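Visitor: Same order as they appear, the protein sequences are chains A and B.
For the first sequence, the numbering used here begins at 89 and goes up steadily by one.
For the second sequence, the numbering used here begins at 89 and goes up steadily by one.
First the structure, then my questions, so here it is.
2 protein chains.
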Amino acid sequence: MSVVSQKLFYSEFGEPVKVVRLEEENLQVPKTNEVLIRMLAAPVNPADIITLQGLYPTKPSLPAVPGNEGVGEVLSVGSAVDSLKPGDRVTAQTAINWGTWRTHAVCDAGHVYKIPKELSIVDAATMSVNPYTAYRMLKDFVPLSEGDVVIQNGANSACGQYVIELCKVWGYHTVNVVRDRPNIDELKENLKELGATYVLTEDELWETEMFKSGKVARPRLALNCVGGASGELLARQLEYSSTMVTYGAMSKQPVPAHAAFFIYNNLTWRGFWVSEWMKQHTGSPQHLQMKDHVSQLLIERKLSTPVHKLVPITAYKEALANTSSGTALKSVKYIFNFQN
Amino acid sequence: MSVVSQKLFYSEFGEPVKVVRLEEENLQVPKTNEVLIRMLAAPVNPADIITLQGLYPTKPSLPAVPGNEGVGEVLSVGSAVDSLKPGDRVTAQTAINWGTWRTHAVCDAGHVYKIPKELSIVDAATMSVNPYTAYRMLKDFVPLSEGDVVIQNGANSACGQYVIELCKVWGYHTVNVVRDRPNIDELKENLKELGATYVLTEDELWETEMFKSGKVARPRLALNCVGGASGELLARQLEYSSTMVTYGAMSKQPVPAHAAFFIYNNLTWRGFWVSEWMKQHTGSPQHLQMKDHVSQLLIERKLSTPVHKLVPITAYKEALANTSSGTALKSVKYIFNFQN
């Protein structure tokens with residue numbers, strides 16, 4: 089038995105629409121510890137674009153199939169696999185980048201994880217990057233208690249919205265910073281509906297007396313995906329001995345790190361990268377607990393489905409051309425739908 | 089019985105030479121838990137100048153006696169004091185800033201610590217700021233083993249020299265960064281005599297292949313007292329998951345904190361302030377162990393006596409005028425000598 093798989097692939101780094109091609113491949117039956125998967129959906133993430141451009145710190149050996157996230161269904165399993173069975177729904181995880189932009193794949197049974205079938209295809213396809221990033225940043229850096237305050241910039245980014253929702257679940261207050269824009273009132277309203285406690289533009293944060301007056305406790309954790317003056321502005325609001333975690337740099341500017349932040353306010357600045365976390369913790373109790381918890385929250389609608397556009401794999405040029413290499417703030421997330 | 093003490097004092101913040109005055113005071117016998125001390129020596133530190141200017145984050149209530157470091161001899165003790173006796177040599181510690189620029193003081197017995205009489209007056213007077221800073225930065229941030237590499241800028245500062253000597257004691261290699269200057273070869277030679285493994289100018293560090301080539305292991309700890317591009321340069325050399333500790337900002341410039349430092353290289357940036365450490369740990373086992381160890385190293389000449397000038401308290405205007413508010417790199421440390 090063999091299966092014909094359609095897959096996107098590339099053999100040199102460059103402009104995504106130029107270097108990516110579609111081809112067919114014959115897949116053999118899974119070996120002892122392998123599984124054959126029919127992919128259901130896989131998103132196009134900004135990190136995929138940077139990887140295709142050859143600008144990502146970890147470069148795949150070429151040729152390669154792009155895509156680091158997705159959901160599939162097990163079709164058949166190797167003789168030694170007892171953790172999965174045909175019909176199981178699985179999430180591809182990001183540590184072993186085997187390329188999710190394909191209709192079928194044969195991979196090691198340990199490189200995918202079973203998820204509940206109640207999860208929507210879109211939620212399952214997009215749960216391993218942004219929700220996991222938000223989850224770990226809120227769990228692993230500062231021990232937070234109900235009522236504690238978290239501040240973040242880029243609050244309307246895909247990850248920022250999950251931060252708002254997770255904080256609501258855990259009872260943390262959020263101070264959400266966004267850039268001013270024509271429809272700012274609508275944006276503020278949308279984020280508050282998600283559960284945001286406060287939403288401010290950068291200018292409003294510069295001028296606010298909310299912390300000085302004691303109306304709002306100073307944040308104990310800052311999440312920075314913008315950098316530059318915006319990151320500096322977050323750091324200035326923090327409580328003594330707090331932590332700022334950087335996970336992006338949409339402004340492409342470094343944050344001015346004033347000595348007083350560290351010497352007098354005893355801040356700690358750290359970073360988070362979900363790919364690296366998965367590399368180090370895949371299959372660990374924390375990973376499995378998070379997978380189950382995030383699945384549950386998605387099923388309960390406590391975490392929202394990202395704004396997205398489902399396209400067939402043949403529409404890959406549109407998907408690549410319309411996905412920014414930065415954290416796509418306003419753009420729609422393209423998701424390959426392999427079901428048709 | 090009463091003692092006439094000469095003391096420097098100030099009742100408003102401003103230019104040190106203008107606001108500081110000398111006056112006499114009658115001291116009474118020490119109460120139950122107090123001790124009467126004859127001060128032997130007390131240095132003028134850059135932090136004292138900033139405090140006098142009113143620019144230090146923690147401001148004393150005025151009027152106050154300046155000085156946060158010094159050595160004295162116990163003259164008499166209160167009825168309940170059994171930890172100290174007349175003739176004991178004590179170091180004033182920095183947590184309770186009772187003002188060391190005076191010939192005599194009455195203070196709580198818990199606010200001074202006994203030190204060996206073998207310590208020279210100058211070493212004893214200057215052991216609690218710079219040696220303690222170097223000691224804690226090497227102990228408390230990264231677990232280091234023999235052969236590990238520490239990188240620092242401002243390596244010829246008072247604290248930087250103690251870092252070199254302590255690393256030699258503990259078997260750590262040091263990469264020492266200094267600014268280029270006319271007598272650079274002489275400076276390099278001096279630091280190597282102290283125990284520096286490598287000494288480079290900032291330009292040399294930009295160009296060096298020592299880490300890339302694998303000749304020298306990447307540093308696991310960076311100590312930054314300069315800031316700006318110099319701090320950035322340190323961060324660029326670090327091993328994955330290392331820590332940079334900022335304890336000064338001689339350049340008065342913030343360090344550009346690139347997102348990649350945190351996201352891809354998993355660096356941690358923190359700060360150290362010896363006054364705060366003493367406030368939190370005074371009298372703790374770590375403090376007492378450090379006091380004894382630093383005393384021993386000074387007695388054995390494994391830590392050097394700083395370049396200094398002893399002056400009588402009446403020469404305070406000269407001492408104040410010649411002490412920079414920054415970390416005084418090249419200047420002599422003024423020390424009030426109360427023994428004559």
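All residues carry an ideal CB built from backbone N, CA and C; glycine is no exception.
Just so we're clear, the structure is a prediction, and the values are computed from it rather than from any experiment.
Does the segment 393 to 401 of chain A come close enough to the segment 160 to 172 of chain A that 3 or more CB-CB pairs lie under 8 Å?
Guide: The segment 160 to 172 of chain A vs the segment 393 to 401 of chain A: no contact.
Visitor: If contact means a Cβ-Cβ distance below 7 Å, which residues of the segment 236 to 256 of chain A contact chain E?
Guide: Protein chains in the displayed structure are A and B, and chain E is not among them.
Visitor: Quick check: the segment 147 to 155 of chain A against the segment 223 to 243 of chain A, are there 3 or more CB pairs under 8 Å?
Guide: These segments do not touch.
Visitor: If you drop the 5 nearest sequence neighbours on each side, which residues of the same chain put their C-beta closer than 7 Å to that of Val-217 of chain A?
Guide: On the first sequence, residue 217 of chain A is found 129 positions in, with the first residue counted as 1. Correct list, in chain order: Asn-133, Glu-157, Thr-182, Val-362.
Visitor: Straight-line CA distance for Leu-115 of chain B to Gln-240 of chain A?
Guide: Indexing the second sequence from 1 puts residue 115 of chain B at position 27. Indexing the first sequence from 1 puts residue 240 of chain A at position 152. Rounded to whole angstroms, Leu-115 of chain B to Gln-240 of chain A spans 55 Å at the Cα level.
Visitor: Could you check which residue in A:Ser-208, A:Asp-380, A:Ala-130, A:Pro-219 has the C-alpha nearest to that of Asn-185 of chain A?
Guide: For the purposes of this step, residue 185 of chain A is identified with residue 97 of the first sequence, where counting begins at 1. For the residues A:Ser-208, A:Asp-380, A:Ala-130, A:Pro-219, the minimum Cα distance to Asn-185 of chain A belongs to A:Ala-130.
Visitor: Select from A:Asn-271, A:Arg-308, A:Leu-322, A:Glu-281 the residue whose C-alpha is nearest the C-alpha of Glu-295 of chain A.
Guide: Numbered from 1 along the first sequence, position 207 holds the residue referred to as residue 295 of chain A. For the residues A:Asn-271, A:Arg-308, A:Leu-322, A:Glu-281, the minimum Cα distance to Glu-295 of chain A belongs to A:Leu-322.
Visitor: Please confirm whether Tyr-352 of chain B has its beta-carbon closer than 8 Å to some beta-carbon of chain A.
Guide: As a working note, residue 352 of chain B is residue 264 in the second sequence. Chain A, which has a Cβ nearer than 8 Å to the Cβ of Tyr-352 of chain B, makes this yes.
Visitor: Kindly give me the distance between the Cβ atoms of Gly-155 of chain B and Thr-188 of chain B, rounded to whole angstroms, as I take these residues to be in contact under 8 Å.
Guide: Here residue 155 of chain B refers to the residue found at position 67 of the second sequence. Here residue 188 of chain B refers to the residue found at position 100 of the second sequence. Right, their Cβ atoms sit about 4 Å apart.
Visitor: Just the chain B side, please: which residues come within less than 9 Å of Pro-344 of chain A by C-beta, in chain order?
Guide: By one-based count along the first sequence, residue 344 of chain A stands at place 256. Correct list: Gln-341, Pro-342, Val-343, Pro-344, Ala-345.
Visitor: If you run the structure through DSSP and keep just helix, strand and coil, what is His-261 of chain B?
Guide: Taking the first residue of the second sequence as position 1, residue 261 of chain B is located at position 173. In this structure, His-261 of chain B counts as strand in the three-state DSSP scheme.
Visitor: Apply the 10 Å Cβ neighbour rule to Asp-88 of chain B and answer buried if 16 or more other Cβ atoms are within range, or exposed otherwise.
Guide: Since the first and last residues shown for chain B are 89 and 428, residue 88 of chain B lies out of range.
Visitor: Tell me the rounded alpha-carbon separation between Val-159 of chain B and Leu-279 of chain B.
Guide: By 1-based counting over the second sequence, the position of residue 159 of chain B is 71. By 1-based counting over the second sequence, the position of residue 279 of chain B is 191. Looking at the two C-alpha atoms, the distance is approximately 28 Å.
Visitor: Following the continuous alpha helix (DSSP H) through His-375 of chain B, name the residue where it begins and the one where it ends.
Guide: Taking the second sequence and counting its residues from 1, the one referred to as residue 375 of chain B is at position 287. Segment 373 to 387, the alpha helix (DSSP H) holding His-375 of chain B.
Visitor: Report the rounded CA-to-CA distance for Lys-405 of chain B versus Ser-383 of chain B, giving the unit in angstroms.
Guide: By 1-based counting over the second sequence, the position of residue 405 of chain B is 317. By 1-based counting over the second sequence, the position of residue 383 of chain B is 295. Taking the straight line from one Cα to the other gives about 31 Å.
Visitor: Are the beta-carbon atoms of Ala-243 of chain A and Ala-284 of chain A separated by less than 8 Å?
Guide: Taking the first residue of the first sequence as position 1, residue 243 of chain A is located at position 155. Taking the first residue of the first sequence as position 1, residue 284 of chain A is located at position 196. Cβ atoms of Ala-243 of chain A and Ala-284 of chain A: closer than 8 Å.
Visitor: What do you get for Pro-307 of chain A, buried or exposed, if any count of 16 or more other CB atoms within 10 angstroms of its CB means buried?
Guide: If you number the first sequence from 1, residue 307 of chain A lands on position 219. Pro-307 of chain A comes out buried.
Visitor: Since Phe-97 of chain A and Val-153 of chain A are thought to touch, with beta carbons under 8 Å apart, how far apart are those beta carbons, to the nearest angstrom?
Guide: Numbered from its first residue, the first sequence carries residue 97 of chain A at position 9. Numbered from its first residue, the first sequence carries residue 153 of chain A at position 65. With 8 Å as the limit, Phe-97 of chain A and Val-153 of chain A qualify as a contact, their Cβ atoms being about 5 Å apart.
Visitor: Does the beta carbon of Thr-334 of chain A sit closer than 8 Å to a beta carbon anywhere in chain B?
Guide: Counting from one through the first sequence, the residue named residue 334 of chain A turns up at place 246. Thr-334 of chain A counts as touching chain B.
Visitor: Straight-line CA distance for Val-169 of chain A to Val-123 of chain A?
Guide: Here residue 169 of chain A is taken as the residue at index 81 of the first sequence, counted from 1. Here residue 123 of chain A is taken as the residue at index 35 of the first sequence, counted from 1. Their Cα atoms are separated by approximately 8 Å.
Visitor: In chain order, what residues of the same chain have a beta carbon less than 8 Å from the beta carbon of Leu-282 of chain B, not counting five sequence neighbours either side?
Guide: In the second sequence, residue 282 of chain B corresponds to position 194, counting from 1. Around Leu-282 of chain B: Gln-249, Ile-252, Glu-253, Lys-256, Ser-392.
Visitor: According to DSSP, simplified to helix, strand and coil, what is Pro-104 of chain B?
Guide: Here the question's residue 104 of chain B lines up with position 16 in the second sequence. Pro-104 of chain B falls in the helix class under three-state DSSP.
Visitor: Just the C-alpha distance for Pro-394 of chain A and Pro-219 of chain A, rounded to the nearest angstrom, thanks.
Guide: For the purposes of this step, residue 394 of chain A is taken as the residue at position 306 of the first sequence. For the purposes of this step, residue 219 of chain A is taken as the residue at position 131 of the first sequence. Their Cα atoms are separated by approximately 10 Å.
Visitor: Please classify Asp-291 of chain B as buried or exposed, where buried requires at least 16 other C-beta atoms within 10 Å of its C-beta.
Guide: Taking the second sequence and counting its residues from 1, the one referred to as residue 291 of chain B is at position 203. Exposed, by the Cβ-count rule.
Visitor: Please specify which runs of the beta strand (DSSP E), each continuous and at least 3 residues long, are wholly inside the segment 196 to 282 of chain A, giving them in chain order.
Guide: For the segment 196 to 282 of chain A, whole beta strand (DSSP E) runs of length 3 or above, ordered along the chain, are 200 to 202, 237 to 241, 261 to 266.
Visitor: Which residues in chain A sit within 9 Å of Gly-315 of chain B, going by Cβ to Cβ distance?
Guide: Residue mapping note: residue 315 of chain B aligns to position 227 of the second sequence, counting from 1. Residues of chain A passing the Cβ test: Ala-345, His-346, Ala-347.
Visitor: Can you tell me whether DSSP reads Val-117 of chain A as helix, strand or coil?
Guide: What you label residue 117 of chain A is simply residue 29 of the first sequence in a count that begins at 1. Coil.
Visitor: Would you mind telling me which residues of chain A sit closer than 8 Å to Arg-324 of chain B, beta carbon to beta carbon, in chain order?
Guide: To locate residue 324 of chain B, count along the second sequence from 1; it is residue 236. What Arg-324 of chain B touches in chain A: nothing, since even the nearest Cβ is about 12 Å away.
Visitor: Can you tell me which of B:Tyr-260, B:Ala-409, B:Val-200, B:Val-420 puts its alpha carbon nearest to the alpha carbon of Thr-370 of chain B?
Guide: In the second sequence, residue 370 of chain B corresponds to position 282, counting from 1. Nearest option by C-alpha distance: B:Val-200.
Visitor: Given a threshold of 16 other Cβ atoms within 10 Å of its Cβ, counted over all protein chains shown, does Val-265 of chain A qualify as buried or as exposed?
Guide: For this step, residue 265 of chain A is matched to residue 177 along the first sequence. So Val-265 of chain A ends up on the buried side.
Visitor: Name the DSSP bridge partner or partners of Leu-124 of chain A?
Guide: Against the first sequence, residue 124 of chain A aligns to sequence position 36. Answer is A:Ser-164, A:Val-194, bridged to Leu-124 of chain A.
Visitor: For Trp-361 of chain B, which residues in chain A fall below 9 Å Cβ to Cβ?
Guide: To locate residue 361 of chain B, count along the second sequence from 1; it is residue 273. Here the neighbours are Phe-350, Ile-351, Tyr-352, Asn-354.
Visitor: Counting along the chain, where does the alpha helix (DSSP H) carrying Phe-350 of chain B start and finish?
Guide: For the purposes of this step, residue 350 of chain B is taken as the residue at position 262 of the second sequence. Where Phe-350 of chain B is concerned, the enclosing alpha helix (DSSP H) stretches over 347 to 351.
Visitor: Less than 8 Å between CB atoms is the rule here; does Pro-145 of chain B satisfy it with respect to chain A?
Guide: Here residue 145 of chain B refers to the residue found at position 57 when the second sequence is read from its first residue. So, interface residue.
Visitor: Quick test of your reading: Arg-267 of chain A and Trp-365 of chain A, contact by CB under 8 Å. State the CB separation rounded to the nearest angstrom.
Guide: Counting from one through the first sequence, the residue named residue 267 of chain A turns up at place 179. Counting from one through the first sequence, the residue named residue 365 of chain A turns up at place 277. That pair is no contact at about 28 Å.
Visitor: Can you tell me the Cα-Cα spacing of Pro-344 of chain A and Ala-317 of chain A, whole angstroms?
Guide: Here residue 344 of chain A corresponds to residue number 256 of the first sequence, with the count starting at 1. Here residue 317 of chain A corresponds to residue number 229 of the first sequence, with the count starting at 1. C-alpha separation (whole angstroms): 7 Å.
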